[in-house]
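Below you'll find the structure, written out as structure tokens, and then a few comments.
There are 2 protein chains.
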Amino acid sequence: MSDVGTFHTGPRDRGQTSPAELDPGQLSPAQSRALFRAGLRRPTSGFSPGYAQANLLAVPRELAFDMLLFAQRNPKSCPVLGVLEAGQVNSEPLEGGDIRTDLPAYRVYRDGELVAEPNEVIEQWRPDLVAFLIGCSFTFEAPLLAAGIPIAHMEQGVNVPMYKTSVRCRPAGALSGPLVVSMRPLPADRIADAVRITSRYPGVHGAPVHIGSPREIGIRDLSAPDFGDAVEVPEGWTPVFWACGVTPQAAVMESAPELAISHAPGHMLITDLPDAELQVP
Amino acid sequence: MSDVGTFHTGPRDRGQTSPAELDPGQLSPAQSRALFRAGLRRPTSGFSPGYAQANLLAVPRELAFDMLLFAQRNPKSCPVLGVLEAGQVNSEPLEGGDIRTDLPAYRVYRDGELVAEPNEVIEQWRPDLVAFLIGCSFTFEAPLLAAGIPIAHMEQGVNVPMYKTSVRCRPAGALSGPLVVSMRPLPADRIADAVRITSRYPGVHGAPVHIGSPREIGIRDLSAPDFGDAVEVPEGWTPVFWACGVTPQAAVMESAPELAISHAPGHMLITDLPDAELQVP
């Protein structure tokens, strides 16, 4: 899904580290976060394997109850791994870190419009922001691979394709929006295994929400995803759809709060949560 | 756990129904709620089997985010089955019902003090109250029984014993408090089965939090529970502890909000949620 060779480093990297010598697969979560804090800007796929990566979504306190209720009502798309209360910039899932600097790239929205994509958000952060950490399906891709289940977007070297669907989420207060899904095509003899394996990880979207006909959920053209990249679906394979962490972001953007801060796509928070802690029996 | 013979009816029962002719085990959730709405006052054990029963906890909107965050951080003790937003008195889990009348008995707290235990709370309800419905372990007792696992408090005809522990919950905003647990003693050869079965129901407290030594979690005397009734622990059996839905109530009471409304112990909300929907693989 991503090369692990030389790093594309951001403007804040002043050579204190020699990231080209580092293997992302060997970094602890704290080490990865330190690199990003120092200015490294690149997608986090492959960093600190074995630890959960998370979507970030920070909204003003007055929208926080609606956001948490939206997550509670739509647990497959919005599995909450942690919440930093207003005024907190670190917490259990990023001990000793800083949510304003420890991701490789952020997105800043004002009144629902994307206005910046900075390396850190120290200046934009406000003490009334509540930060939600939402599970990411990167987590269950490792056990899928371990079971020999092919992951097309990895094999094709692109980002996973994501689609807005015609399925509406259950609304909560001011928040409503469409279910967003990620898609991984699978051969007929591995779909049941993929269901079985991913169902053990409800904290990172769990089992698929839809298997087969894209039209049934309002997707007209698999080759034109709303986010990420298209993947080729091999002859005889079936598209399998999982709820996606972009869903809460879509709902918050529809409500156009004066300020919202998220990660940039693919540039996730690497948490201290071991993947194993997210597995249910 | 409770007889299903003649009913103890409350003051609002004016003979429109003939409850003595009804079998609680045959009532739909809506029928049970209608009986309670009409004034029937008795514990709900045995009513509408196959449907989830829920703890009620309603707090003012200003405390609602803290309450939902407390639940998110303490999911084993506070599994949220549903939330009625400020101004709502019915919702999906009690379609066509009214949260202010459909439980057999309520408790009203002002500044953390119990001030009334009425049959309905129409007068006490306020439009800024947010009502949380929290899972109840009644749900997993049915599959335990179906597997032939003995439930001591049922066999002894008493309420389940519950204890405050020395384990602190993860705090959230203004809310903090002790983990409260329920206890069921089990024979050595059925503990693994009980773990396996209850772990499938995370929405109603899931797997045990503690098996064995009560002292390790600050319980000095099993025969003196903080809530419910003591049960006899047969020779050679081990006490098994599950997180309990009294936990969030204890935390809210410690924070002493100006108004809080809950169910009276054992007098639960009977929801339209089939137990089967709460089962995970």
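In the order they appear, the protein sequences are chains V and P. Our numbering numbers the first residue of the first sequence as 1 and each following residue consecutively. Our numbering numbers the first residue of the second sequence as 1001 and each following residue consecutively. The beta-carbon is built from N, C-alpha and C at its ideal position, and this holds for glycine as well.
A direct Cα-Cα distance of roughly 14 Å separates residue 1151 (chain P) from residue 1045 (chain P).
If you draw a straight line from the Cα of residue 1176 (chain P) to the Cα of residue 1025 (chain P), it is about 38 Å long.
Taking the beta carbon of residue 173 (chain V) as reference, the chain P residues within 8 Å of it are 1085, listed in sequence order. At a cut-off of 8 Å between beta carbons, residue 1088 (chain P) makes no contact with chain V. When C-alpha distances from residue 148 (chain V) are compared across V:201, V:190, V:47, the shortest belongs to V:190. In the three-state DSSP reduction, residue 122 (chain V) falls in the coil class, being neither helix nor strand.
Each residue's CA atom was taken as its position, placing residue 27 (chain V) and residue 1073 (chain P) some 28 Å apart. Linking residue 1236 (chain P) to residue 1228 (chain P) through their CA atoms gives a straight-line distance of about 23 Å. Considering only beta carbons, the part of the stretch 1057-1073 of chain P lying closer than 7 Å to chain V consists of 1064, 1065, 1068, 1069, 1072, in chain order.
A straight-line Cα-Cα distance of about 14 Å links residue 1217 (chain P) and residue 1226 (chain P). When CB distances to chain P are screened at a threshold of 7 Å, not a single residue of the stretch 205-216 of chain V falls below it. About 7 Å separates the beta carbons of residue 1139 (chain P) and residue 1053 (chain P), which is inside the 8 Å limit, making them a contact pair. Residue 79 (chain V) and residue 1259 (chain P) have their C-alpha atoms roughly 31 Å apart. With a beta-carbon spacing of about 6 Å, residue 43 (chain V) and residue 267 (chain V) fall inside the 8 Å limit used to define contacts.
Taking a 10 Å sphere around the C-beta of residue 112 (chain V), we find fewer than 16 other C-beta atoms and assign the residue as exposed.
Put simply, the CB of residue 1108 (chain P) is far from chain V, with every gap to its CB atoms at 8 Å or more. For residue 80 (chain V), the C-beta contacts it makes with chain P under 7 Å involve 1072, in order along the chain. In the DSSP assignment, residue 1197 (chain P) falls outside any beta strand (DSSP E) and within the unbroken alpha helix (DSSP H) covering 1191-1198.
Listed by position along chain P, the residues whose Cβ is nearer than 8 Å to that of residue 280 (chain V) are 1199, 1202, 1280.
Take the alpha-carbon of residue 89 (chain V) and the one of residue 1040 (chain P): they are about 51 Å apart.
In the DSSP assignment, residue 1238 (chain P) forms a beta bridge with P:1186. For residue 1063 (chain P) and residue 1163 (chain P), the gap between their C-alpha atoms comes out near 25 Å. Residue 66 (chain V) carries a helical assignment under DSSP once its states are collapsed to helix, strand and coil.
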